[in-house]
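Heads up: the sequence shown begins at 70 in this note's numbering, then just goes up one per residue. Single-structure report; data block below.
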Amino acid sequence: MNRTAAAAIGVLMSLAAAAASAQTTVKDAWIRGTVAQQKATGLFAQISSVQGSRLVGVSSPVAGVAEVHEMAMEGNVMKMRALPNGLALPAGQTVELKPGGYHVMLMDLKQPLEAGATVPVTLVFEGADKKRESVELQVPVKAMNAAMPAMKHSGH
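So this is what it looks like as C-alpha cells:
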C-alpha cells in the first residue's frame with residue numbers, strides 16, 4: 070500500500086471515529102401495549118450522549134402527537150407535563166426514560182399497539198452546536214403490565 074492510500078484510510082478512519090463519538094445511543098427501547106379505544110401510551114428507553122445533547126423531538130406514524138414528558142411530584146400530586154425545551158442528556162451519562170419518570174408520550178394513536186408488534190419511531194437530538202441528529206428506531210411493543218413487578222406464585 071502506498072503512503073497516499075494509507076493516509077487516505079487514516080483520514081477516513083478518523084472521520085468515522087469522530088462521527089461515532091458525536092452520536093447518541095438509544096438502548097432497550099420499548100413501548101407499552103394498549104387496548105382498543107386507548108389513545109395514548111409511553112415509550113421507554115435508556116439514552117446516552119457522548120458529547121451531551123437534548124432530546125428535542127419525537128415522531129411516529131402510529132401517533133398523531135408525540136412529546137417528551139416528565140412525571141414529577143408537585144406537593145402530594147404526581148403530575149405529567151411536556152418538556153417544551155426537550156430533555157437534557159448530559160455528556161457521558163445515561164438518562165433513563167421509564168414509567169413514573171421521563172418518557173415519550175405517543176398520543177392520538179391511530180390503532181391499538183399489541184404486544185409483539187414493532188413501531189417505527191424517530192427521535193431528534195440537538196447538540197450544543199445546535200446541529201440536529203435523527204435516530205430511526207424500530208421499537209418493540211411489550212405487554213401492558215411489562216413494567217409492573219412480577220407476582221409471586223406459590224408452587225403447589
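C-beta: ideal position from N, C-alpha, C; glycine also.
>> Please report the distance separating the alpha-carbon of residue 146 from that of residue 182.
In response: As a first step, residue 146 is located in the sequence shown; it is residue number 77 there, counting from the start. As a first step, residue 182 is located in the sequence shown; it is residue number 113 there, counting from the start. Each residue's Cα considered, the two are about 29 Å apart.
> In chain order, what residues of the same chain lie with their CB nearer than 7 Å to the CB of residue 95, ignoring the 5 residues before and after it?
Replying inline: Translated into the one-based positions of the sequence shown, residue 95 becomes position 26. Once the five neighbours on either side are set aside, the close Cβ partners of residue 95 are 114, 116, 192, 204 and 206.
> Should residue 163 be labelled buried (16 or more other beta-carbon atoms within 10 Å of its own) or exposed?
Replying inline: Counting from one through the sequence shown, the residue named residue 163 turns up at place 94. Burial call: exposed.
> Cα separation between residue 212 and residue 140?
Replying inline: To locate residue 212, count along the sequence shown from 1; it is residue 143. To locate residue 140, count along the sequence shown from 1; it is residue 71. The C-alpha of residue 140 is placed about 21 Å away from the C-alpha of residue 212.
>> According to DSSP, simplified to helix, strand and coil, what is residue 174?
In response: For the purposes of this step, residue 174 is identified with residue 105 of the sequence shown, where counting begins at 1. Residue 174: strand per DSSP, three-state reduction.
> Any idea if residue 208 is buried or exposed, counting beta-carbon neighbours within 10 angstroms, 16 or more meaning buried?
Replying inline: As a position in the sequence shown, residue 208 is number 139, starting the count at 1. With 16 or more other Cβ atoms within 10 Å, it is buried.
>> Assuming contact is defined by CB atoms lying nearer than 9 Å, are residue 93 and residue 175 in contact in what I supplied?
In response: Residue numbering aside, residue 93 sits at position 24 when the sequence shown is read from its first letter. Residue numbering aside, residue 175 sits at position 106 when the sequence shown is read from its first letter. No, the Cβ-Cβ distance between residue 93 and residue 175 is not below 9 Å.
> Would you call residue 132 buried or exposed, if buried means 16 or more other Cβ atoms sit within 10 Å of its Cβ?
Replying inline: By 1-based counting over the sequence shown, the position of residue 132 is 63. So residue 132 ends up on the buried side.
> What are the uninterrupted segments assigned as beta strand (DSSP E) that are 3 or more residues long and contained completely in the segment 154-213, given in chain order?
Replying inline: DSSP runs (the beta strand (DSSP E)) wholly in the segment 154-213: 156-158, 163-166, 172-178, 187-196 and 201-211.
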